[in-house]
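Notes to accompany the following structure.
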Amino acid sequence: MDSSAITTNVLLLASSWLNVGLYTLELVLCWRYFQRPNRPFVYKLGVGALIFFDTVVALLSPTSVTIFMTCWSATVEQAILCHIYLSLTRNRLVTMGLGLLILAHMGLAFSSGVLILVLDSELTVTAALNTTTAASVTCAATDICIAICLASTAWKLLSPTDVIPQRDSLVRRFLLLCVSAGLIVALNTLIMIGLLLKHSAAFSFFFSCQGRVYSLTLLTKLSRGGLLSPGHQYSFEHHCDKSTGLHLQPY
Numbered sequence: 193m194d195s196s197a198i199t200t201n202v203l204l205l206a207s208s209w210l211n212v213g214l215y216t217l218e219l220v221l222c223w224r225y226f227q228r229p230n231r232p233f234v235y236k237l238g239v240g241a242l243i244f245f246d247t248v249v250a251l252l253s254p255t256s257v258t259i260f261m262t263c264w265s266a267t268v269e270q271a272i273l274c275h276i277y278l279s280l281t282r283n284r285l286v287t288m289g290l291g292l293l294i295l296a297h298m299g300l301a302f303s304s305g306v307l308i309l310v311l312d313s314e315l316t317v318t319a320a321l322n323t324t325t326a327a328s329v330t331c332a333a334t335d336i337c338i339a340i341c342l343a344s345t346a347w348k349l350l351s352p353t354d355v356i357p358q359r360d361s362l363v364r365r366f367l368l369l370c371v372s373a374g375l376i377v378a379l380n381t382l383i384m385i386g387l388l389l390k391h392s393a394a395f396s397f398f399f400s401c402q403g404r405v406y407s408l409t410l411l412t413k414l415s416r417g418g419l420l421s422p423g424h425q426y427s428f429e430h431h432c433d434k435s436t437g438l439h440l441q442p443y
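One rule links them: number in the working numbering = place in the sequence shown (from 1) + 192.
In structure tokens:
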């Protein structure tokens, strides 16, 4: 057995074990989220959808199925974050722009999955590679744009004297959470793009985990109670109303 085959098998084994661990963590966070009272129904529905998509991937192994389910996981995560942004700012124009990016990613990802289903010629393989690359770039761009929008919104909530937020500041934690959430999923996607263009066997390792990365990113954000915890709800809402007029709902 040559070295490339050994590397591929090792990466396949590693990705399977990693996915089991991530999926287990996802179930735990999902259970914790559903234990929280008064969670919005639409977010509960989104979390349930994420669990369903990742369960399908865990049970079925075809590449096309993984592409479709990963696309749906990304769409749910991005859509919920867009809804949070809209709830914060009421900025429909920017939200529509983010929505168009999400739809573009969905279209390209589904096209890639369909092409892989009907691979029967070198031309189809090339088209699948091109659409997969375009879908990955669009996905990374969407994640970064959403992170920037949420982070800039949190920054606007700071008072003029709070140029650098306090270490225990609620806004500071949200700012860091927005940036880190967007960077984690975008970084994973960008790594995938580089590996895909290099035709590296490691691409499959990162791609197989992408859906769980999206799910865990959203579940981590939601499980922490959003921006409004019982001890901070009044002060933060007061700060929002006083500085920018923004009003934040718990999620």
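C-beta atoms are modelled at their ideal positions from N, C-alpha and C, and glycine is treated no differently.
A quick note: this is a predicted structure, and the numbers were derived from the prediction, not measured.
DSSP on residue i, reduced to helix/strand/coil?
| i | result |
| --- | --- |
| Ser-208 | helix |
| Leu-252 | coil |
| His-275 | helix |
| His-297 | helix |
| Ala-266 | helix |
| Lys-236 | helix |
Under 8 Å, do residue i and residue j count as touching if we go by C-beta distance?
| i | j | result |
| --- | --- | --- |
| Ala-215 | Ala-266 | A quick correction: the sequence has Tyr, not Ala, at residue 215. Contact flag unset, no. |
| Phe-398 | Ile-376 | no |
| Tyr-406 | Glu-269 | yes |
| Ala-378 | Ile-336 | yes |
| Ser-400 | Ser-207 | yes |
| Gly-386 | Met-261 | no |
| Ser-344 | Arg-224 | no |
| Ser-328 | Thr-255 | no |
| Cys-274 | Ile-338 | yes |
| Leu-278 | Thr-287 | yes |
| Val-257 | Val-248 | yes |
Near residue i, what residues of its chain come up, given a Cβ to Cβ distance below 6 Å and the 5 sequence neighbours on each side ignored?
| i | result |
| --- | --- |
| Ser-421 | Confidence in Ser-421 is poor, its pLDDT being 33 and thus under 50, which makes the residue's placement unreliable; the coordinate value appears in the next sentence. Correct list: empty, nothing qualifies. |
| Val-212 | none |
Does the ligand PLP have even one heavy atom less than 7 Å from the beta-carbon of residue i?
| i | result |
| --- | --- |
| Gly-386 | Looking at this structure, you won't find the ligand PLP or any other ligand, since it has none at all. |
Measure how close the beta-carbons of residue i and residue j come, nearest whole angstrom, since I'm counting them as under 8 Å.
| i | j | result |
| --- | --- | --- |
| Leu-410 | Ile-198 | About 36 Å separates the two Cβ atoms, so there is no contact after all. |
| Ala-326 | Leu-307 | Actually they do not touch by this definition, with Cβ atoms about 12 Å apart. |
| Leu-293 | Thr-330 | 7 Å |
| Ile-259 | Gly-291 | Their Cβ separation, rounded to whole angstroms, is 21 Å, which puts Ile-259 and Gly-291 out of contact at 8 Å. |
| Leu-203 | Ala-394 | 6 Å |
Below 7 Å CB to CB, which residues in the same chain sit around residue i once its five sequence neighbours on both sides are set aside?
| i | result |
| --- | --- |
| Cys-222 | Val-239, Ile-243 and Leu-411 |
| Thr-323 | Leu-300, Ser-303, Ser-304 and Leu-307 |
Would you call residue i buried or exposed, if buried means 16 or more other Cβ atoms sit within 10 Å of its Cβ?
| i | result |
| --- | --- |
| Lys-390 | exposed |
| Leu-342 | buried |
| Ile-340 | exposed |
| Thr-334 | buried |
In chain order, what residues of the same chain have a beta carbon less than 8 Å from the beta carbon of residue i, not counting five sequence neighbours either side?
| i | result |
| --- | --- |
| Asp-246 | Tyr-215, Glu-218, Met-261, Ser-265, Gly-403, Arg-404 and Ser-407 |
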